[in-house]
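Beneath this line is the structure, given in structure tokens, with notes to follow.
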Amino acid sequence: MSVQVKQFKRASQCFVQWIMRDNFKSSELLTADRVPDIMREQFVYTGYRPVYRSWKYYVHSILHLHNETVNIWTHIIGSFAIVIQLANVLKDCDVANDSTTWPVITLGICSILSLSFSSIAHLLHSKSPWHHQFLFLLDYVGVAVQGFGIGIGSIYICSSAIFRDVFLAWHLPANLILSVLIFSLYCTARVKYGDDNDTRKSLMIVGTSLHGLFLFAPLVPRYTDCWWNSDCSMTSLNHITLVVFLDVLCAVAFAALIPERWVPGRCDLVGHSHQIFHVAVVMTLVAKLSAMRIDIDTLDIPRKTIPSLTTLLGSLCLLLLLHALVHRYFLSFVKSAPSRKRGRIK
Ligand SMILES: [Zn+2]
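According to our numbering, numbering within the sequence shown proceeds without interruption in unit steps and concludes at 343.
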């Protein structure tokens, strides 16, 4: 036992020494014209980390202020928020036997994967143009997986009874296929239009909107049913309306590039729209998990229609495998950038 304690102490001392040997210098941060085109963000002029540094440099950069720091931390903190919310939502539930908890768990896992991939991408992407593309394609895997998890929650928990009866049988395979197609569209946008921000973002917004329609469709009849039912108050759908409102906020924050469009260069480190988008994504996921708990408590959900947790997580594993194949395919079109020794990056 004492040997193990000594080994643990030695390992933690080595880790602390490694952390302390920090080679990050804020004075080395670059302006946009000194990084590869593909790494430039519109209206963000300063705070870029140099390319071709050691992995340690980028890992250490998590503890310093540059134009990705807030993006990294919003999704690290967001992952913990999801874990806490998941524990809250599942409190007092019989997870082993109550099938309504299984879509909640699936969405929780999808959310944590998505936020983790995003944090890793924002932390390490400045390594080189090739790593930038590799890591942001990984970020998009997370976005597509998150949509898949929301789809699971929509059909098995939050759906209207009519929609569930008609579409239940093919919703899971359709959700899988659509997730792969949307991810392929994101990859096309990134690989073909990586340095054309307007076209890339437009394609991504089209993909996300299509995915959003599919994910929101099971909920629409709940509004029409409630509208025509004199016993139903529209305020009983406030928890769903909040999720939709936050989804729209995510889309606006992603697309509008506000406030940096109004004050270019003033929000480089803190306050630009991608940071607002990150916070809105976390709020949407937390609100979605909360809405699922409200629906579990208030709706008469036919528990036998919900697939087993093994089936749901097996589908998620299959989806990750398909995304890995698509990721590999699109990455083959990304040229390796000239190394620091062979070529000069402007
Ligand atoms: Zn991001």
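We put the beta carbon where it would ideally sit given N, CA and C, even for glycine.
Nearest residue (CA-CA) to residue i, options the options
i      : options                           : result
LEU313 : MET36, SER111 and VAL48           : SER111
PRO120 : HIS72, LEU83 and PHE5             : For the sequence presented, residue 120 should be read as Leu rather than Pro. Minimum Cα distance to LEU120 is reached at HIS72.
HIS208 : HIS168, TRP224 and GLU257         : HIS168
ALA277 : ARG258, ARG263, ASP294 and VAL240 : VAL240
LEU346 : GLY150, SER23 and TYR54           : For residue 346 there is no data in the structure shown, the boundaries of the chain being -2 and 343.
PHE77  : GLY105, LYS3 and LEU135           : GLY105
GLY148 : CYS11, PHE164 and HIS63           : PHE164
THR28  : ASP297, ASP294 and PRO261         : PRO261
ILE159 : LEU87, SER108, THR205 and LEU216  : LEU216
ALA166 : ARG258, ILE303 and ASP91          : ILE303
GLN39  : TYR326, ILE255 and LEU317         : ILE255
ASP356 : LEU60, LEU316, ILE293 and LEU319  : Since the displayed the chain opens at -2 and closes at 343, residue 356 lies outside it and no answer follows.
GLN14  : HIS57, GLN272, THR43 and GLU65    : HIS57
SER329 : LYS189, ASP228, PRO218 and LEU210 : LYS189
LEU317 : GLY139, SER115, ASP34 and LEU60   : GLY139
SER123 : LEU134, PRO33, GLY311 and PRO170  : PRO33
ALA118 : GLU25, ILE298, LEU234 and MET36   : MET36
LEU60  : ASN20, LEU310, SER233 and HIS271  : ASN20
SER116 : TYR137, ILE202 and SER125         : TYR137
LYS22  : LEU62, ASP30 and ARG7             : LEU62
LEU175 : ASP193, GLN82, ARG187 and SER206  : SER206
CYS229 : THR295, LEU243, ALA253 and ASN172 : THR295
PRO299 : ASP244, ASP162 and VAL323         : ASP162
LEU310 : LEU243, CYS107, SER24 and LYS3    : CYS107
LEU282 : ALA321, PHE114 and GLY75          : GLY75
LEU243 : PRO170, MET280 and GLN4           : MET280
VAL41  : ASP193, TYR326 and GLU257         : GLU257
Distance cut-off 7 Å: residue i Cβ against heavy atoms of ligand 1
i      : result
SER361 : Given that the chain is displayed from residue -2 to residue 343, the structure contains no residue 361 and the question cannot be resolved.
HIS119 : yes
HIS275 : yes
ASN68  : yes
ASP265 : no
ASP136 : yes
HIS271 : yes
According to DSSP, residues forming a beta bridge with residue i
i     : result
LEU27 : TYR45
C-beta neighbour in chain C for residue i, strict 8 Å
i     : result
GLY44 : No chain C appears in this structure, which consists of one protein chain only.
Contact the region 190 to 199 vs the region 236 to 250: 3+ CB pairs below 8 Å: No, they do not touch.
Three-pair Cβ contact test at 8 Å for the region 143 to 153 versus the region 173 to 188: Enough Cβ pairs lie closer than 8 Å, so yes.
Touching by the beta-carbon criterion (3+ pairs, under 8 Å), the region 67 to 84 and the region 43 to 50: Taking 8 Å as the limit for Cβ pairs, the verdict is that the region 43 to 50 does not touch the region 67 to 84.
The region 281 to 299 contacting the region 101 to 115, beta-carbon criterion three pairs below 8 Å: Verdict: yes, contact present.
Three-pair Cβ contact test at 8 Å for the region 326 to 335 versus the region 151 to 168: Contact fails: fewer than three Cβ-Cβ distances are below 8 Å.
Three CB pairs or more closer than 8 Å across the region 91 to 98 and the region 124 to 141: Taking a contact to require three or more Cβ pairs closer than 8 Å, the region 91 to 98 and the region 124 to 141 do not qualify as touching.
Touch test, the region 212 to 232 against the region 256 to 275, Cβ-Cβ under 8 Å, three pairs minimum: Look at the beta carbons and you see the region 212 to 232 not touching the region 256 to 275: under three pairs across the two are nearer than 8 Å.
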